[in-house]
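So in the UniProt record's numbering the end of the sequence shown lands on 189, straight run, no missing numbers. C-beta atoms are modelled at their ideal positions from N, C-alpha and C, and glycine is treated no differently. Before any comments, here is the structure.
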Amino acid sequence: MYTLDAMEAKAILAQNNDVKKKWFRKIENYYVRDTRHNKDTHAGNKVRPLTDEEVANLTSLNSLIDNDIINRRSYDDNREYKRNGYYTISMFSPVYAALSNSKGAPGDIMFRKIAYELLAEKGYHKGFLPYVSNQYGAEAFASGSKTFSSWHGRDVALVTDDLVFKKVFNGEYSSWADFKKAMFKQRID
């Protein structure tokens, strides 16, 4: 899929800014507030049209990754994708973004995309499972990373994207964006 996504990016990036603005969207995080611990934790995702200034920065595949860009197909404008939704991620609507959440779990759109990318690169046991499960929960909780769960009625582990990234890649990449750029580079060089 990286190859197809890169080909589409190349074709659209060669167009004028009006075409880019119609084709691409920005994905962002919004946060769930843990009022007991007074902090933002888990993210949801929202999708919106690009500003003229943002479109002007889209000049390369890496700029799509760095600016949290997705394709407009399959995603609604000005929509907040609520947490724990049953959203479908289209394999043919590129998510170039490497948007993560250092405060907790990612939003549902990015969660699904990153989970599939980890499955492809690291496999089920070394990539997918650590990302989608609570495998590092005890470690997170022991380090003081916790949030109040109204479902459980108590504090639970707050496993962040940063913790999973650190454990899965063990220093191989410096960020989710660097991982994503490397995956594209592997396929198009």
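Beta-bridge pairing of residue i - partner residues as DSSP gives them
i           : result
residue 147 : 156
residue 80  : 46
residue 5   : In the DSSP output, where bridge partners are listed per residue, residue 5 has none listed.
residue 24  : 71
residue 31  : 43
Anticipated Cβ contact below 8 Å, residue i with residue j, distance rounded
i           : j           : result
residue 41  : residue 137 : No, residue 41 and residue 137 are not in contact; Cβ-Cβ is about 14 Å, not under 8 Å.
residue 109 : residue 86  : Between residue 86 and residue 109 the Cβ distance is about 12 Å, and since that is not below 8 Å, they are no contact.
residue 98  : residue 69  : Incorrect: roughly 10 Å between the Cβ atoms, too far for contact.
residue 82  : residue 44  : 6 Å
residue 180 : residue 12  : The pair is not a contact, with the Cβ atoms about 18 Å apart (cut-off 8 Å).
residue 157 : residue 134 : 7 Å
residue 176 : residue 100 : 5 Å
residue 91  : residue 1   : 6 Å
residue 73  : residue 89  : Actually they do not touch by this definition, with Cβ atoms about 11 Å apart.
residue 144 : residue 29  : Rounded, the Cβ-Cβ distance is 22 Å, inconsistent with contact.
Distance cut-off 8 Å: residue i Cβ against heavy atoms of the ligand SAH
i          : result
residue 64 : Absent from the structure shown: the ligand SAH. Ligands present: none.
Closest by C-alpha distance to residue i, when choosing among the options
i           : options               : result
residue 159 : 146, 29 and 150       : 146
residue 3   : 38, 56, 94 and 84     : 94
residue 55  : 84, 148, 92 and 15    : 15
residue 34  : 151, 182, 184 and 117 : 151
residue 57  : 32, 18 and 173        : 18
residue 162 : 187, 131 and 72       : 131
residue 148 : 9, 32, 112 and 8      : 32
residue 5   : 129, 84, 155 and 62   : 62
residue 53  : 164, 21, 188 and 73   : 21
residue 8   : 71, 38 and 39         : 71
- Spell out a yes or no on whether the segment 138–146 and the segment 21–28 are touching, meaning 3 or more CB-CB pairs, one atom from each, closer than 8 Å. no
- Item | Touching by the beta-carbon criterion (3+ pairs, under 8 Å), the segment 118–127 and the segment 149–169 | With the cut-off at 8 Å, the segment 118–127 and the segment 149–169 touch.
- Query: Are three or more beta carbon pairs between the segment 46–53 and the segment 70–84 nearer than 8 Å?
  - Reply: yes
- Item | Sequence ranges, alpha helix (DSSP H) only - wholly within the segment 92–139, length at least 4 | 108–123 and 129–132
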